[in-house]
Each structure stands twice: as structure tokens, then as C-alpha cells.
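The structure appears below as C-alpha cells.
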Amino acid sequence: MPPRQNVHTHLQHATAPWSSLLVVPPGATAAALVKPPAGFALRRIEGKKCATPAGVFKEFARALDFPDYFGHNWDALEECLADLEWLPAKGYVVLITDAHHVIPDDEEEYETLLEVLSDAGEAWSKGHTADGRRAPFHVFFAVSERDKGKRKHWGLTELPPNDTAAKTARGSKRSGEAGRD
Numbered sequence: 001m002p003p004r005q006n007v008h009t010h011l012q013h014a015t016a017p018w019s020s021l022l023v024v025p026p027g028a029t030a031a032a033l034v035k036p037p038a039g040f041a042l043r044r045i046e047g048k049k050c051a052t053p054a055g056v057f058k059e060f061a062r063a064l065d066f067p068d069y070f071g072h073n074w075d076a077l078e079e080c081l082a083d084l085e086w087l088p089a090k091g092y093v094v095l096i097t098d099a100h101h102v103i104p105d106d107e108e109e110y111e112t113l114l115e116v117l118s119d120a121g122e123a124w125s126k127g128h129t130a131d132g133r134r135a136p137f138h139v140f141f142a143v144s145e146r147d148k149g150k151r152k153h154w155g156l157t158e159l160p161p162n163d164t165a166a167k168t169a170r171g172s173k174r175s176g177e178a179g180r181d
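Quick note: the sequence shown uses UniProt numbering, first residue 1, plus one each step.
Written as C-alpha cells, this is what we have:
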């Protein structure tokens with residue numbers, strides 16, 4: 001059986017799952033665990049600002065520098081995620097912190113978000129993007145072990161963090177920041 005993939009190895013490939021759950025160990029941060037390869041764009045989404053679809057659209061537009069024509073709806077989000085010509089990179093990583101806050105009260109809208117992200121990842125993997133190239137596109141929903149249970153259905157594959165990165169992150173944390181994701 002092949003070894004189980006972790007965050008680090010998954011980032012390097014244009015393969016599913018496009019969106020994954022990242023449970024942040026105590027004493028670590030999501031940012032310390034998600035280190036994309038050189039030339040990749042890493043963008044951070046604040047889950048606390050994504051309690052509604054409108055918040056999701058606004059936060060993605062901010063983090064990914066969407067153009068002014070972005071329509072702030074699901075179709076427009078999918079279109080912009082499969083374009084990103086204004087953000088040239090070898091691959092794309094979106095890190096959603098405090099992910100338990102993302103559309104917590106509407107499972108249908110949350111499922112729509114997951115579908116849009118999956119469609120964008122698949123488009124990038126097959127070269128069905130605005131510029132026709134293939135590139136890794138991954139989204140990590142980061143949450144602490146404590147907050148993981150705040151959502152009954154994540155609809156995501158959980159990827160373990162790179163053990164070395166997790167240990168390094170725990171060792172370099174200041175005591176006042178322990179456990180934050």
C-alpha cells in the first residue's frame with residue numbers, strides 16, 4: 001500500500017482532493033503547516049469572515065485580488081478561480097483559517113462552496129482554465145482539533161500535516177499563541 005499523503009506531498013500535484021481538511025495540532029499554526037513549493041501563490045482566507053455566502057465572496061475577492069468585474073455569486077467565484085491570470089504562479093494554495101466559521105448555518109450553501117472549489121481544482125488539473133495550462137490548485141480548511149467537532153459534516157478528506165513541519169511549528173511557538181489556527 002502506498003504511504004498516506006500529507007499536506008507537503010499533496011501540494012506538489014494537480015490531483016484530487018482539491019479541498020482538504022487540515023486539523024492543526026495544539027501548539028502549531030495552519031500557516032506553519034502549509035508551506036507551498038517555490039513559485040506557488042499562497043492566499044489566506046479568514047473563515048471568521050465567511051459566515052455567509054456574501055462573506056465568502058468578499059473574502060475570496062480580497063485574498064485572491066479578484067478583478068472589479070467579479071459578480072459576487074457562485075458562478076462568478078468559479079469563473080475567477082479557474083482564471084487567476086492576474087495572479088501568475090506555478091500552483092495555487094488557498095488556506096482557510098478558522099474553517100468551522102465558514103457558512104456554518106446553511107449546509108446547502110456550504111456544499112455549493114465545496115462544489116465550486118472542486119470544479120476549480122479539476123479545471124486547473126485538466127488545463128480547462130483561461131490560459132489552458134495545468135497547475136495544482138488546493139484549498140485547505142484549517143481547524144483546531146477542538147473546533148473540528150463544531151461541524152458535523154465537513155465533506156472533505158482530512159490530510160495529515162507534515163510531521164516535521166508540525167514538530168517544528170510546535171517547537172517555535174510562543175506560549176501565548178498555542179493552539180491557534
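C-beta atoms are modelled at their ideal positions from N, C-alpha and C, and glycine is treated no differently.
- Secondary structure at PHE57: helix, using DSSP grouped into helix, strand and coil.
- Looking only at PHE137, ILE103, HIS153 and ASP119, the smallest Cα-Cα distance to GLU46 is reached by ILE103.
- Within the same chain, PHE66 and PHE70 come within 6 angstroms of CYS80 by CB-CB distance, once the 5 residues on both sides are set aside.
- In this structure, the beta-carbon distance from PHE140 to ALA120 does not fall below 7 angstroms.
- In this structure, the beta-carbon distance from ALA41 to ALA89 falls below 7 angstroms.
- VAL116 sits close to LEU77, with the two beta carbons spaced by under 7 angstroms.
- Proximity to GLU111 across ARG134, ASP68 and THR52 peaks at THR52, based on C-alpha coordinates.
- Our two residues, TRP86 and VAL93, have alpha carbons roughly 15 angstroms apart in a direct line.
- Contact between ARG134 and LYS126 is confirmed by a C-beta separation of about 7 angstroms, below the 8 angstroms threshold.
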